[in-house]
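**Q**
4 protein chains.
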Amino acid sequence: MSKIADKRAAILSAALDIFAENGFHGSPTSLISEKAGVGTGTIYRYFQSKDDLIRELHLELDGKLQAAIFADYREEVPLRQRFDNLYENLLRYFIDNPRECRFLEQFYNSPYGIAKRRARKENPGEKEACFARLFDEARQRQAFKDLPEEMLVSLSIGPMLYAVRDHLAGLVAIEDRMVPLIVEACWDAVARRD
Amino acid sequence: MSKIADKRAAILSAALDIFAENGFHGSPTSLISEKAGVGTGTIYRYFQSKDDLIRELHLELDGKLQAAIFADYREEVPLRQRFDNLYENLLRYFIDNPRECRFLEQFYNSPYGIAKRRARKENPGEKEACFARLFDEARQRQAFKDLPEEMLVSLSIGPMLYAVRDHLAGLVAIEDRMVPLIVEACWDAVARRD
Amino acid sequence: MSKIADKRAAILSAALDIFAENGFHGSPTSLISEKAGVGTGTIYRYFQSKDDLIRELHLELDGKLQAAIFADYREEVPLRQRFDNLYENLLRYFIDNPRECRFLEQFYNSPYGIAKRRARKENPGEKEACFARLFDEARQRQAFKDLPEEMLVSLSIGPMLYAVRDHLAGLVAIEDRMVPLIVEACWDAVARRD
Amino acid sequence: MSKIADKRAAILSAALDIFAENGFHGSPTSLISEKAGVGTGTIYRYFQSKDDLIRELHLELDGKLQAAIFADYREEVPLRQRFDNLYENLLRYFIDNPRECRFLEQFYNSPYGIAKRRARKENPGEKEACFARLFDEARQRQAFKDLPEEMLVSLSIGPMLYAVRDHLAGLVAIEDRMVPLIVEACWDAVARRD
DNA sequence: AATGAATGAGTTTTCATTCAT
DNA sequence: GATGAATGAAAACTCATTCAT
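Okay, here's the thing in structure tokens:
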């Protein structure tokens, strides 16, 4: 790891801490540079602006998140098993990485994130495609409710993300035994009842 | 409607517009007063500070939201009917009032809102109690999954709020025919499968 | 006393209280009108501006002060007796009227007061003339130090005003037995030593 | 002198000028920064707030003042000589440094200064102790009037400070030959008459 | 390349004054 | 005459960004 990468990484890590704690607007760049152990000007050698730093941080975290979710993904296993695998990975990643979760939550609720998601919808990546295939297959098998694919994604991910949000806010406690039940809730939300 | 209520209402409405659009921090009070058609100082005749304005706006909207949800609520109808009634009202309110939805989403994700929700958990109001009774009854009848009440609330409300969030972001379109299906998704997320 | 005089007097009294407590700049006119029990606009029916209110209040208090000092003044008694009489009256007035003292102290240290005193020097009133005669007589009799009259006034009044200032600030306590000693200090400051 | 000291000193000097002229409340920070030739934000790099700037400026000036007063002080010379030395130094310092005098006058009449003086009374520094010893010694020798030490300080300093105040206001002119007479007035104010 | 002092536009808030009622 | 709601200019202070070193 080069010196350059070190500084960049230090800035991103400090930014993550502080954004997760105080939000984008409650986080002066001076605080970030201080926590990162670099000069205030140094941020601007690695990032064009604070906004750019936020977007780059998102890219970084989004990559890690996808890697975590798809770490042990296998297309060939049965549908339900694939679903459970993805959602459990997602849930565990957020529980284990609260800073990342808070940042991403914030990001996707901000103008930055809304634009990003719109762009991604137009131009989906490999992982999104994988997700889409899963939901498409389920729909074709009549396993899911008769709703558009994007709606099914929202509905199935909602239970988990709300549970995590309240867990991180200290309003509920997700214990280990609850993990499968939460994943089940995600499936049940979109599964067709017989 | 008196003159006094007019100004206050104009400020609250302008603030709602602008907060929903730009977030709390992206909304200078000068923009709010301009949009409300009042002087910059006038905001401070009705609200002690910008923070106070945010909190008062929340109170206002929270009251309206609760009124909308419980508009036609009847304790005596069957459990599932009560559930469907509440969740459909909630969904329709947010679809019909996107500014309110965005504001509340933001509020409950901010330090203000997290504190508020903690306080409410300690000291629940009448409506919360009503909600709690519903979930308690369902659990006693073994209708819901074996999870703490708060977790069930998070899980059941998540599908809808995520669907609405994406709808308001323009990523999916909630059509009228989907409303019962979304409500069903909320129920299914927490219902016990036989 | 007419209604009109009542309101005016109420405003002046409230202003005195608040100026003495908080200083000119720490005293919003709204606070003054509230304490006076009148509308915020009413002040501007009796006074052209806040500055004007301050100047008028000064005039009022200055009149009262002079009346108090000269209440029992008699030109025909011996010099020293006249001096003691004036200075004791002054000291007692300030001890008994701390608000007035604080206001006047402030006033004479402000741009308003400095201009006022310059004007008065150019164009002395009856009481100033009386004072001047006293000091003039003393100098002619070689009773006072060889200094200009105004300087003698400053030197002789300084001990008392500093003692009162510190008394009102709570740093020293002027007890009754000290009054003659303080007056004596004023005399001694300017008296020629033999 | 480093660059950093330059800016700080420029701000303090500009602030002194403007405070002395217009008072604390009549001196916007924007005026200070403009006069100092720095940006508006720069003040806040060196001082936490305007209040802090005022307090720091006081500390600076108070230090200089004490240094000037005690520049050639010697404990071993006779009492009267020590007194004359201190008071003449004080007088000359104020005549030579009118801005400093006006600032300090204002400061000690403001809430800042009153608190400061109370604190100093509780917890006197080295110079105050020196002053106290002088007055104590004088009282034990029956040289001074039978009054508490603090009162003697007020009475003895009053003549000079009033004379200086009126001198700086342009109402009297202190000429060089008057200096010993003014110092004598200070002594006479508190000295016991035989 | 890295720094961090300096900047000034932009933000919240106050308050003397006005004017419609 | 009296009111007090409304005003907006002006104040203190913040912080993303620049640039000389």
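Protein chains in written order, with UniProt numbering: chain F, 1 to 194; chain R, 1 to 194; chain Y, 1 to 194; chain H, 1 to 194.
Every residue gets a Cβ at the ideal spot worked out from N, C-alpha and C, and that includes glycine.
Values in this document were obtained by computation on a predicted structure and should not be read as measured data.
1) Kindly list, in the order they appear in chain Y, the residues whose Cβ is closer than 7 Å to that of residue 189 of chain H.
2) Run through chain Y and tell me which residues come within less than 7 Å of residue 25 of chain H, C-beta to C-beta.
3) Buried or exposed: which applies to residue 78 of chain F, given that a residue is buried once 16 or more other Cβ atoms fall within 10 Å of its Cβ?
4) For a contact meaning CB atoms closer than 8 Å, what does residue 172 of chain F contact in chain R?
5) Express the C-alpha separation of residue 20 of chain F and residue 14 of chain F in angstroms, rounding to a whole number.
6) When the Cα atoms are used, what is the spatial distance from residue 106 of chain F to residue 139 of chain R?
7) Please list the terminal residues of the continuous alpha helix (DSSP H) segment that includes residue 57 of chain H.
8) Grouping DSSP H, G and I as helix and E and B as strand, with all else coil, what is residue 173 of chain H?
9) Hey, would you say the C-beta of residue 117 of chain R is under 6 Å away from at least one heavy atom of the ligand FAD?
10) Alpha carbons only, please: which of H:10, H:52, H:152, H:119 is nearest the one belonging to residue 34 of chain H?
11) For residue 244 of chain Y, which residues of its own chain have a beta-carbon under 8 Å away from its beta-carbon, when the five flanking residues on both sides are left out?
12) For a test of the three-state rule: what should DSSP assign to residue 144 of chain F, helix, strand or coil?
13) Closer than 7 Å between beta carbons: that is the criterion. Which residues of the segment 55-84 of chain Y meet it against chain H?
14) Apart from the five residues just before and just after residue 70 of chain Y, which ones in its own chain have a Cβ nearer than 8 Å to its Cβ?
15) Could one say the Cβ of residue 119 of chain H lies closer than 7 Å to chain Y's Cβ atoms, at least one of them?
16) Taking just the CA atoms, how far does residue 169 of chain R sit from residue 98 of chain R?
17) Just tell me which of F:152, F:194, F:102 has its CA closest to the CA of residue 57 of chain F.
18) Residue 25 of chain F: buried (16+ other C-beta within 10 angstroms of its C-beta) or exposed?
19) Flag this pair as yes or no: are the beta carbons of residue 182 of chain F and residue 160 of chain F separated by less than 7 Å?
20) Flag this pair as yes or no: are the beta carbons of residue 29 of chain Y and residue 50 of chain Y separated by less than 7 Å?
21) Check whether the Cβ atoms of residue 172 of chain R and residue 150 of chain F lie closer than 7 Å to each other.
22) Please confirm if residue 145 of chain R has its CB atom under 7 Å from at least one CB of chain F.
23) Would residue 95 of chain Y pass as an interface residue toward chain H - the criterion being a Cβ-Cβ separation below 7 Å?
24) Rounded to whole angstroms, what's the CA-CA distance from residue 48 of chain R to residue 64 of chain F? Just pull it up for me.
25) In terms of residue numbering, what span does the alpha helix (DSSP H) encompassing residue 167 of chain R cover?
26) Closer than 8 Å by beta-carbon distance: list the chain Y residues that pair up with residue 181 of chain H, in chain order.
27) In terms of residue numbering, what span does the alpha helix (DSSP H) encompassing residue 113 of chain H cover?
28) In angstroms with no decimal places, state the Cα-to-Cα distance between residue 67 of chain F and residue 61 of chain F.
29) Leaving out the 5 sequence neighbours to the left and right, which residues in its chain are closer than 7 Å to residue 39 of chain H when beta-carbon positions are compared?
30) Compute the Euclidean distance between the alpha carbons of residue 120 of chain F and residue 93 of chain F, then round it to the nearest angstrom.
**A** The structure says:
1) Within 7 Å Cβ-Cβ: 159, 185, 188, 189.
2) The answer, in chain order, is 25.
3) Around the beta carbon of residue 78 of chain F, fewer than 16 other beta carbons sit within 10 angstroms, so the residue counts as exposed.
4) Think of a sphere of 8 Å around the beta carbon of residue 172 of chain F: the chain R residues whose beta carbon falls inside it are 148, 150, 151, 154, in chain order.
5) Approximately 10 Å between the Cα atoms of the pair.
6) Spanning the two alpha carbons is a distance of roughly 33 Å.
7) Residues 50-69.
8) Coil.
9) What this structure holds is no ligand at all, so the ligand FAD is not there to describe.
10) For residue 34 of chain H, the closest of H:10, H:52, H:152, H:119 by C-alpha to C-alpha distance is H:10.
11) Absent from the model: residue 244 of chain Y. The displayed extent of chain Y is 1 to 194, so no value can be given.
12) Note: residue 144 of chain F maps to strand in three-state DSSP.
13) Against chain H - using a Cβ distance shorter than 7 Å - the segment 55-84 of chain Y contributes no residues.
14) Excluding positions up to five away in sequence, the list reads 86, 89, 127, 130.
15) Residue-level contact check: residue 119 of chain H does not touch chain Y, since none of the beta carbons of chain Y fall below 7 Å from its beta carbon.
16) Distance between the alpha carbons of residue 98 of chain R and residue 169 of chain R: 10 Å.
17) Restricting attention to F:152, F:194, F:102, the CA atom closest to the CA of residue 57 of chain F is found in F:102.
18) Residue 25 of chain F comes out exposed.
19) Less than 7 Å separates the beta-carbon of residue 182 of chain F from that of residue 160 of chain F.
20) A contact, by the Cβ cut-off of 7 Å.
21) The answer is yes: Cβ separation under 7 Å.
22) The beta-carbon of residue 145 of chain R is placed less than 7 Å from the nearest beta-carbon of chain F.
23) Closer than 7 Å: no.
24) Linking residue 48 of chain R to residue 64 of chain F through their CA atoms gives a straight-line distance of about 44 Å.
25) Start and end: 149-168.
26) Chain Y residues near residue 181 of chain H: 145, 146, 147.
27) Residue 113 of chain H -> alpha helix (DSSP H) spans 111-122.
28) The straight-line gap from Cα to Cα measures roughly 10 Å.
29) Within its own chain, the residues whose Cβ lies closer than 7 Å to the Cβ of residue 39 of chain H, once the five positions on either side in sequence are excluded, are 33, listed in chain order.
30) Each residue's Cα considered, the two are about 22 Å apart.
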